[in-house]
Amino acid sequence: MFIAYFAINSSPTSALSDEDWDSCVHAAEIVPDRSIRGCTAVIQAGERMITQLAAAYNNRGVALRSSGDIDRAMEDYDRALRLSPDYYVALNNRGVALMSKGELDRAISDFDRAVQLRTDYLGAYYNRGKALGRKGLFDRAIADYDLVIKADPKNPTFLFERGTMKANAGDQSGADADFERAESLRSNGARTTRPR
1 MFIAYFAINS SPTSALSDED WDSCVHAAEI VPDRSIRGCT AVIQAGERMI TQLAAAYNNR
61 GVALRSSGDI DRAMEDYDRA LRLSPDYYVA LNNRGVALMS KGELDRAISD FDRAVQLRTD
121 YLGAYYNRGK ALGRKGLFDR AIADYDLVIK ADPKNPTFLF ERGTMKANAG DQSGADADFE
181 RAESLRSNGA RTTRPR
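To convert, note that position 114 of the sequence shown is 114 in UniProt numbering; the numbers rise steadily by one, no gaps.
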């Protein structure tokens, strides 16, 4: 699953330390506790524009999810979306949290909305593919993986995921071709990129 944090391009105001601001913006998946503290300071200071507060809630949600607190992460994604209803990154991240709770229909709905808002947002297609696959909707999952592979054809993770869906759908030869291509890319040092 791919979770995205949102970098906020703005300098901190006087009540916030540079460290709090930087932690909120950059540390969500890397150092969750630091990011939670930084984003909480940003939120409590209340000195940001609405979109920046929404991003702070989203980033804290990413950090909370990374530390295993799915329910609090969901609360923060909900707050971000109340502030900025078309915030496609928060929709994607809430969808990932919903998927981890087994709420696949709601997760797919969030991913659908995210790709409606931003048709080139690969993370939402990838995550929707995973959710569709978990529901047994393999053909639809494969279609989403086709899109991300078209955009990033040398990503072995995408090929492996599509191969898994093809195998589940009964297309073993198609699955084997994807697995072989993924393995070839990995053995040639291809990097695995995360769609944002």
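By construction, the Cβ of each residue, glycine as well, lies at the ideal position given by its N, Cα and C atoms.
Notebook entry, point to check: Are the beta-carbon atoms of Ile108 and Leu132 separated by less than 8 Å?
Noted result: Numbered from its first residue, the sequence shown carries residue 108 at position 108. Numbered from its first residue, the sequence shown carries residue 132 at position 132. In terms of Cβ geometry, Ile108 and Leu132 form a close pair [threshold 8 Å].
Check: Straight-line CA distance for Asp144 to Asp71?
Finding: Locating residue 144 in the sequence shown gives position 144, where the first residue counts as 1. Locating residue 71 in the sequence shown gives position 71, where the first residue counts as 1. C-alpha separation (whole angstroms): 27 Å.
Margin query: For a minimum of 4 consecutive residues, which ranges assigned as the alpha helix (DSSP H) are wholly contained in the region 139 to 174?
Written below: Counting only runs of 4+ residues, the alpha helix (DSSP H) found wholly inside the region 139 to 174 occupies 156 to 168, in chain order.
Checklist line | Close Cβ partners of Arg118 (< 6 Å) along its chain, the five nearest in sequence each way excluded | finding: Within the sequence shown, the letter at position 118 stands for residue 118. The answer, listed in chain order, is Tyr88.
Next item on the list: Please list, in chain order, all residues of the same chain as Arg140 whose beta carbon is under 6 Å from its beta carbon, the five residues on each side excluded.
Entry: Here residue 140 corresponds to residue number 140 of the sequence shown, with the count starting at 1. Taking C-beta separations shorter than 6 Å and ignoring five residues to either side along the sequence, the partners of Arg140 in its chain run Leu132, following chain order.
Check: Among residues of its own chain, excluding the 5 on either side of Tyr57, which ones have a beta-carbon nearer than 8 Å to its beta-carbon?
Finding: For the purposes of this step, residue 57 is taken as the residue at position 57 of the sequence shown. Spatial neighbours of Tyr57 in its own chain (CB-CB distance under 8 Å, excluding positions within 5 residues in sequence) are listed in chain order as Cys39, Ile43, Asp76, Tyr77, Arg79, Ala80, Leu83 and Ala90.
Item checked: Cβ-based burial, Asn127 [other Cβ within 10 Å; buried from 16] -> The residue labelled residue 127 in the question sits at position 127 within the sequence shown. Under a 10 Å Cβ-count criterion, Asn127 is classified as buried, with 16 or more other Cβ atoms of the shown protein chains found around its own Cβ.
Item checked: Residue range of the alpha helix (DSSP H) that includes Gly136 -> Mapped onto the sequence shown, residue 136 falls at position 136. Run containing Gly136: none; DSSP gives neither H nor E here.
Next item on the list: Counting only the same chain and skipping the five closest in sequence on each side, list residues whose C-beta sits under 6 Å from that of Thr13.
Entry: Sequence index remark: in the sequence shown, residue 13 carries index 13 (1-based). Residue confidence for Thr13 is low, a pLDDT of 44 falling below 50, so the modelled location carries little weight; the figure read from the coordinates is stated next. The residues are Glu47.
Check: Are the CB atoms of Tyr125 and Leu104 nearer to each other than 8 Å?
Finding: For the purposes of this step, residue 125 is taken as the residue at position 125 of the sequence shown. For the purposes of this step, residue 104 is taken as the residue at position 104 of the sequence shown. For Tyr125 and Leu104, no; Cβs fall outside 8 Å.
Margin query: Among Arg186, Lys130, Tyr121 and Ser184, whose alpha-carbon lies nearest the alpha-carbon of Asn168?
Written below: For the purposes of this step, residue 168 is identified with residue 168 of the sequence shown, where counting begins at 1. Out of Arg186, Lys130, Tyr121 and Ser184, the CA that lies nearest to the CA of Asn168 is found in Lys130.
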